[in-house]
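Take the sequence shown: its letters are residues 138 to 330, numbered as in the working numbering. We put the beta carbon where it would ideally sit given N, CA and C, even for glycine. These numbers were taken from a predicted model, which means no experiment stands behind them. Read through the structure below, which is laid out as structure tokens, and then see the notes.
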Amino acid sequence: MSDPRPSEHILTIHLEIDEEPVVGEVLFRTKRDVSIRILKPYKNLSNSRHIPHFAPGHVTFDGPRGDSAARALLLDTFALCRFLESHLVELREAWAAQLAAGAENPPIHFERDEFLKRRKTLRVALKKGEVSPATYQAEITRMKRLNVDYEAERAFKARAFLAKNLPERLLNVDLESQALGVIEGRLQFLAEP
């Protein structure tokens, strides 16, 4: 088990890349984990690294190794932000085109509010005796399965899109969903000047 006490090393990271100051903060750091967030010149993106428990005991993020890992994570996060900033228009157009390509036969899914409304309607019908408990459960299960299938298909498309359109060295599990959030406009990453 990782030591839950954060190490007492760097908390703020300062780098200079192409004469541009880059600032980040260490969000979390233990012997086995390190997590950072970029603060300047971008914001809202974070990155982390983990050492598996089966790794040799002397391999940890304590000391200079952890400081170096935190700097490397900030550098990778900065590189992704810079790439997104310079290619954002093309990436948004390509993602919209990929989504539109499947629009003629969209998968069935339920947005949260719609799901809750249908579930409430089914509960009322169940209480009134209009549907049996088996029918109620079957419909709830069907709606959940449709949503799980939709999310899995969307994640597969997103991963393929990102693998095709972003430099491979910038892709990792932490940054994939954040990059997609930036591309879709759900996540702001440009810091105010």
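Query raised in the report: By DSSP, does Glu162 sit in helix, in strand, or in coil?
Result: As a position in the sequence shown, residue 162 is number 25, starting the count at 1. Three-state result, Glu162: strand.
Requested in this report: Check whether the Cβ atoms of Glu162 and Ile173 lie closer than 8 Å to each other.
Outcome: Counting from 1 along the sequence shown, the entry for residue 162 is found at position 25. Counting from 1 along the sequence shown, the entry for residue 173 is found at position 36. In contact: Glu162 and Ile173 (Cβ atoms closer than 8 Å).
Query raised in the report: So, helix, strand or coil for Ile320, using DSSP?
Result: Translated into the one-based positions of the sequence shown, residue 320 becomes position 183. Note: Ile320 maps to helix in three-state DSSP.
Requested in this report: Please report how far the alpha carbon of Phe198 lies from the alpha carbon of Glu329, in whole angstroms.
Outcome: Reading the sequence shown from its first residue, position 61 is the one you call residue 198. Reading the sequence shown from its first residue, position 192 is the one you call residue 329. Distance between the alpha carbons of Phe198 and Glu329 is about 32 Å.
Query raised in the report: What distance in whole Å lies between the Cβ atoms of Leu307 and Ala216, which are believed to be in contact at a cut-off of 8 Å?
Result: Position 79 of the sequence shown, counted from the first residue, corresponds to residue 216. Position 170 of the sequence shown, counted from the first residue, corresponds to residue 307. Between Leu307 and Ala216 the Cβ distance is about 6 Å, and since that is below 8 Å, they are a contact.
Report task. Whole angstroms is fine: what's the gap from Gln315's alpha carbon to Leu182's? Result -> The count along the sequence shown starts at 1 and reaches residue 315 at position 178. The count along the sequence shown starts at 1 and reaches residue 182 at position 45. Going from the Cα of Gln315 to the Cα of Leu182 covers about 7 Å.
Query raised in the report: Considering only residues of the same chain and omitting the five flanking positions on each side of Pro270, which have a CB-CB separation below 8 Å?
Result: Taking the first residue of the sequence shown as position 1, residue 270 is located at position 133. Closer than 8 Å at the Cβ level, and outside the excluded window around Pro270, lie Leu263.
Query raised in the report: Can you list the beta strand (DSSP E) stretches of 3 or more residues lying completely in the region 162-250, in chain order?
Result: 170-177 and 183-187
Query raised in the report: From which residue to which residue does the beta strand (DSSP E) around Glu122 run?
Result: Coverage of the chain is limited to positions 138 through 330, which leaves residue 122 absent and any answer about it impossible.
Query raised in the report: Leu152 bridges to which residues according to DSSP?
Result: Within the sequence shown, numbered from 1, the residue matching residue 152 stands at position 15. Bridge partners of Leu152: Val159.
Query raised in the report: Do Arg229 and Ile320 come within 8 Å of each other at the CB atom, strictly closer than that value?
Result: Taking the first residue of the sequence shown as 1, we reach residue 320 at position 183. Taking the first residue of the sequence shown as 1, we reach residue 229 at position 92. Yes, they are a contact pair.
Query raised in the report: Are Arg169 and His195 closer than 8 Å when you measure CB to CB?
Result: Residue numbering aside, residue 169 sits at position 32 when the sequence shown is read from its first letter. Residue numbering aside, residue 195 sits at position 58 when the sequence shown is read from its first letter. No, they are not a contact pair.
Requested in this report: Measure the alpha-carbon distance for Thr272 versus Arg296 and round it to whole angstroms.
Outcome: As a position in the sequence shown, residue 272 is number 135, starting the count at 1. As a position in the sequence shown, residue 296 is number 159, starting the count at 1. Going from the Cα of Thr272 to the Cα of Arg296 covers about 36 Å.
Query raised in the report: Taking the alpha-carbon positions, what's the Ala207 to Asp155 distance?
Result: What you label residue 207 is simply residue 70 of the sequence shown in a count that begins at 1. What you label residue 155 is simply residue 18 of the sequence shown in a count that begins at 1. Approximately 19 Å, taken between the alpha carbons.
Report task. Take Lys281 as the anchor and find which of Val268, Ser223 and Ile245 has the nearest alpha-carbon. Result -> As a first step, residue 281 must be located in the sequence shown, where it is residue number 144. The shortest Cα separation from Lys281 among Val268, Ser223 and Ile245 belongs to Ile245.
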